[in-house]
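Single-structure report; data block below.
Protein chains: 2
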Amino acid sequence: MIDYICLGMLMQGKMSGYDIKKTVEQSVGLFFTISYGSLYPALKRLVEGGMLTEEETNNSKNKKLYQLTETGRGSFLQWLGEPLQSNRREYLLKIFFYDCLDPAIRKNNLENFLFELNRNIAQIGAVQQIVSGQLAQLENKDDYYYRVSVMHYGLRFYQMEKAWLEQIIEKRDYE
Amino acid sequence: MIDYICLGMLMQGKMSGYDIKKTVEQSVGLFFTISYGSLYPALKRLVEGGMLTEEETNNSKNKKLYQLTETGRGSFLQWLGEPLQSNRREYLLKIFFYDCLDPAIRKNNLENFLFELNRNIAQIGAVQQIVSGQLAQLENKDDYYYRVSVMHYGLRFYQMEKAWLEQIIEKRDYE
DNA sequence: AAGTTCATGTAACCAGTTACATGATTGT
DNA sequence: ACAATCATGTAACTGGTTACATGAACTT
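Residue numbers (this note's numbering), protein chains in the order written: chain F, 64 to 238; chain L, 64 to 238.
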């Protein structure tokens, strides 16, 4: 994950590790955080793997600027075009960088993700039906209020994502 | 985290590791998953720490039943009563077990969490104002659509949580 | 002069997952 | 007989975080 955060942020241009962390905090910081303990080793790894070039500045502060190589750029765009998956909110990170993606692939991936979302919503709805049926037969059903509420959270969560996705698929404006 | 999942699930009564995993999958499985590679070592640790007792069944299948000790029960309830925090969705796990918590503490913790949520919503709203102001001055603002959309996701997300929390604070029924 | 921000880095730790290994029991 | 499910466990790995260590430059 951290590797793609770095590559993606560097699509904007040269940056130092410090700058990358700042940028992440100010943009996707709500959902993704990075620590120097993972960031600097990642940058080193990416340079060794030919994804980035490292440029020392003589601006005294020992600052290093990283830049994408063509390989790095290709690797990032390859990752970006892969289907959106729910794992660890990776889809949110991908969509954050979606301005870089080919519009046709973008549309396709967003619609597929919406399709899956709808399936999930239907499934939770079905489970909810069963559960509330079972619950109705219990005399102490009040004891399960909070357990059930978490299922309800799931439903609301997916419905929120659905509405949001539909909005961005249509590229509607934000009020 | 896994420790409290185990303790919480065992509040219902004796269970095997296998049972715990099943129960987790069928309840909070949408948001929390556990693997045997973390579950069995956790159970071992909890027994060693005096939180659980282990009982071998001679029912051939080598099944072991785990049961909360008074220490384990106390430790769980202590954790459960601590303030709700956004970290790694731990709050969702706590609320799942909230039927076990003293109603006064429960109400207090839920309301504090709602208060924080409102602060977050206000803050994102403010950031959004600034960003859309800056964006309006750009000629290529279309290039930032998806980056901005992730900020909007954040807002929707918190608003969803807010509505959900308000519902459970009032203990309103689910339709 | 003191405090904050800029800037890089490492070592120890942590909370898990994945893949593997094993074997009994139940259902078809 | 074969597959699925029940049942436990470990070793290697992964993807990080925390705490520490260092020091220059800017701000007040």
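Every residue, glycine too, gets a C-beta built ideally from N, C-alpha and C.
Member of the options whose CA lies at the smallest distance from the CA of residue i
i, options, result
"D205/F", "I231/L, N122/L, G76/L", "I231/L"
"L155/F", "D165/F, F176/F, P166/F", "F176/F"
"R151/L", "Q192/F, G113/F, F95/F", "F95/F"
"M214/F", "S195/F, N203/F, A199/F, P146/F", "S195/F"
"V211/F", "N183/F, D162/F, Q197/F, Y221/F", "Q197/F"
"A167/L", "P146/L, L180/L, G76/L", "P146/L"
"M74/F", "L115/F, M64/F, K107/F", "L115/F"
"Y81/F", "G113/F, M64/F, G112/F, K124/F", "K124/F"
"L70/F", "P104/F, V91/F, N121/F, S138/F", "S138/F"
"Y209/F", "Y237/L, Q200/L, Y207/L, R108/L", "Y237/L"
"T132/L", "K77/L, L93/L, S149/L, G92/L", "K77/L"
"Q191/L", "F159/F, S90/F, Y67/F", "S90/F"
"K170/L", "V87/L, N181/L, E229/L, A199/L", "E229/L"
Endpoints, beta strand (DSSP E) assigned at residue i
i, result
"L131/L", "127–131"
"L70/L", "From DSSP, L70/L is part of no beta strand (DSSP E) but of the alpha helix (DSSP H) over 65–72."
"L164/L", "Element bounds for L164/L: n/a, residue is neither H nor E."
"E117/L", "115–119"
With 16 other Cβ atoms within 10 Å as the buried cut-off, status of residue i
i, result
"N172/F", "buried"
"Y129/F", "buried"
"K234/L", "exposed"
"I193/F", "exposed"
"K157/F", "buried"
"A185/L", "exposed"
Element boundaries [alpha helix (DSSP H), containing residue i]
i, result
"T96/L", "Where T96/L is concerned, there is no enclosing alpha helix (DSSP H), given that its DSSP letter is neither H nor E."
"L156/F", "153–159"
Chain-ordered chain F contacts of residue i [CB-CB under 7 Å]
i, result
"E137/L", "Note that residue 137/L is Gly in the sequence shown, not Glu. Chain F residues near G137/L: none, gap ~20 Å exceeds 7 Å."
"M223/L", "R219, F220, M223"
"Y129/L", "The contacting residues do not exist; Y129/L stays about 20 Å from chain F at best."
Sequence-distant residues of the same chain with beta carbon closer than 7 Å to residue i, five excluded per side
i, result
"E117/F", "V110, K127, Y129"
"L164/F", "L143, G144"
"E119/L", "K127"
Under 9 Å from the C-beta of residue i: neighbouring residues of chain L
i, result
"W227/F", "S212, H215, Y216, R219, F220"
Neighbouring residues, chain F, relative to residue i (Cβ below 8 Å)
i, result
"D162/L", "D206, Y207, Y208, Y209, R210"
"V91/L", "V213"
"K234/L", "Y208"
Close-in-space but distant-in-sequence residues of the same chain around residue i (CB under 8 Å, 5 per side omitted)
i, result
"K84/L", "I97, Y99, L102"
Contacts that residue i makes with chain F (C-beta to C-beta distance below 9 Å)
i, result
"Y154/L", "By Cβ distance, chain F contributes nothing, its closest Cβ being about 10 Å from Y154/L, past 9 Å."
Chain L residues whose Cβ lies nearer than 7 Å to that of residue i
i, result
"F159/F", "Y209, R210, V213"
Close beta carbons around residue i, own chain, < 6 Å, minus the five adjacent residues each side
i, result
"G217/F", "I187"
Contact test: residue i Cβ vs the ligand ATP heavy atom, cutoff 7 Å
i, result
"L131/L", "The ligand ATP is not among the ligands present in this structure, which contains no ligands whatsoever."
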